[in-house]
Amino acid sequence: MRLIALIKRVLTQMRRSPRTIGLMFIAPLFILSLMYVLLANNNTVNSYVGTYNLNHQIAENLETKHLKLSSTNSDRHIQKQMKDHNWIAFIDMSDRKNVEVTYQNSDLGKTQLVKNGLKASIMKLKSKDLVSNLKVSGQALKAQKQAILTQQKALKELAAHLPAPARAKMSKPTNKPKVTGKIVTPTDYKITSHYIYAGANATFFDQALPALVTFFVFFFVFLISGISLLSERTSGTLSRLLATPIRRSEIIFGYIIGYGIFAIIQTLLIVCFTVFVLNVHIVGNFWLVFLTNVLVAFVALTMGIFASTFAQNEFQMMQFIPLLVIPQVFFSGIIPLAGMAQWLQWIAHIMPMYYAGNTMINVITKGYLLSDVWLNLVILAAFGILFTLLNILGMRRFRQV
């Protein structure tokens, strides 16, 4: 009977919390549907490769429907050219027998696409030369055979009019037919590869890391700040604080600065661990990476405080994760935005993690400067300010006096 009573109590508690039931049943379906829409999309994005003095036959073989070539007049400042034109690779053939390729390497799939395409193009060119040589050799053999037959016929006619001793002294013809074609020696091209980011042994972890670092900063700051403020509220500390003459804005700024100090320390720890322990190469500026993550922590902190105003306990706070946190990871750059449907790209632009992930990827893998990403940083700061204002307004509902 005690067991049945406990079961009834749990069922009654769940029945009185329709939001919990809804999130338990609907949230997994929502996440699965979002993943299906994102991952089942078959849109293919064109990639661009810069070239300098590239053999025109190799260029014709390399260029495809989704791989476009763009010629340049200079082989200097390659990294800057690749950043300005958004090239995934740069092919330099200043030395006609040496193919120097610089890969951007932030997307391993695109790097492999260029590698395979270049190797196939060179093999196709060599095969074409070999086929041409076979044709020339075939023509030469055919001409030689015809010449031999003609000379044999002439010798037979001549021998028929000569006495036997003279026929015995006749030698075989030594004239060789002229070869009308030209034998071409296939060029042995040497491919030299350089990598701006991660190196030749890069893994998917290197590709996803810039977005993952930002997501972990966002996730843990959001969770800790929201639950901490919720504990203040459920324990009665916030109510007693609101009973004093303190302003709502002072409370919010106090929480933001107080928790923000620990958020900055956590952010610095994550970034330093990534760079110095995991040995992840940062092409851009370390402090720009740190600044980006500080702004991400600011947004997560204010968003966590805002979400906590709608929760009655820690369990309800956890329920916001499938709705507010998990969808953001899909728009942080782990899945390329350019390959998504147009309406999903519109949704991505209202997600703070889109701007954070885009900035991190460009700074870490492409070496973008502050002048290149300042707009994303301003938008992140605007998100933080917006949620700060909403928190100040939302604090009004908890003030009893």
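The numbering of the sequence shown is our numbering, which starts it at 1 and goes up by one. Glycine included, C-beta positions come from ideal geometry on N, C-alpha and C. Since the structure is predicted, the reported quantities are computational estimates derived from the model, not experimental observations.
Item	Value
Identity of the residues DSSP links to V49 by a beta bridge	L69, A89
Coil, strand or helix - I350 by DSSP	coil
Alpha carbon of I264 to alpha carbon of L301, nearest angstrom	11 angstroms
Distance CB(I58)-CB(L113) smaller than 8 angstroms	no
For V101: DSSP bridge partner residues	I91, S193
Span of the alpha helix (DSSP H) around F30	18 to 39
Meets three-Cβ-pair contact criterion under 8 angstroms: the segment 5 to 15 and the segment 65 to 72	no
Chain-order list of residues whose beta-carbon lies under 8 angstroms from that of F306 (same chain, five-residue window excluded)	F387, L390, N391, G394
Close-in-space but distant-in-sequence residues of the same chain around I347 (CB under 8 angstroms, 5 per side omitted)	F331
For Y355, the nearest candidate out of G367, V329, A341 (CA to CA)	V329
Short Cβ contact (8 angstroms threshold) for A202 with L108	yes
DSSP-derived helix/strand/coil call for F310	coil
Cutoff 6 angstroms; reference F90; Cβ partners in own chain excluding five residues on either side	G50, I78, M82, T102
Member of L323, L38, I191 whose CA lies at the smallest distance from the CA of M93	I191
Beta-carbon proximity of V363 to V289, cut-off 8 angstroms	yes
Same chain, Cβ closer than 7 angstroms to G226, five either side skipped, listed in chain order	G304, I305, A307, S308, M317
C-alpha gap between R76 and H194, whole angstroms	15 angstroms
Buried versus exposed, by CB contacts within 10 Å (16 or more), F218	buried
Spatial distance of F216 from I122 (CA atoms)	44 angstroms
Minimum Cβ-Cβ distance from R15 to chain C less than 8 angstroms	Absence of chain C from the displayed structure is noted, only one protein chain being present.
Presumed contact (8 angstroms Cβ cut-off) between Y48 and N86, rounded CB distance	6 angstroms
Continuous alpha helix (DSSP H) stretch holding K368: start and end	Residue 368 is actually Tyr in this sequence, not Lys. Counting along the chain, Y368 falls outside any alpha helix (DSSP H), and DSSP gives it neither H nor E.
Three-state secondary structure (DSSP) of N55	coil
Integer-rounded CB distance, given that L380 should sit under 8 angstroms from V299	6 angstroms
Close-in-space but distant-in-sequence residues of the same chain around F320 (CB under 6 angstroms, 5 per side omitted)	A307
Where N116 falls: helix, strand or coil (DSSP)	helix
Reduced DSSP category for L375 - H, G, I as helix; E, B as strand; rest coil	helix
Outcome for L54 when other beta-carbon atoms lying within 10 angstroms are tallied against a minimum of 16	buried
Backbone CA spacing between P327 and K8 [nearest angstrom]	35 angstroms
Own chain partners of L324 with C-beta closer than 8 angstroms, once the 5 adjacent residues on each side are dropped	F222, M303, A307
Beta-carbon proximity list for T359, same chain, < 6 angstroms, skipping 5 on both sides	T292, V373, N376
Contact check, L38 vs L344, beta carbons under 8 angstroms	yes
Same chain, Cβ closer than 6 angstroms to Y36, five either side skipped, listed in chain order	none
Proximity below 8 angstroms, CB of A198 to CB of D206	yes
P322 vs F30 beta-carbon contact at 8 angstroms	yes
Three-state class that DSSP yields for R96 in the structure shown	coil
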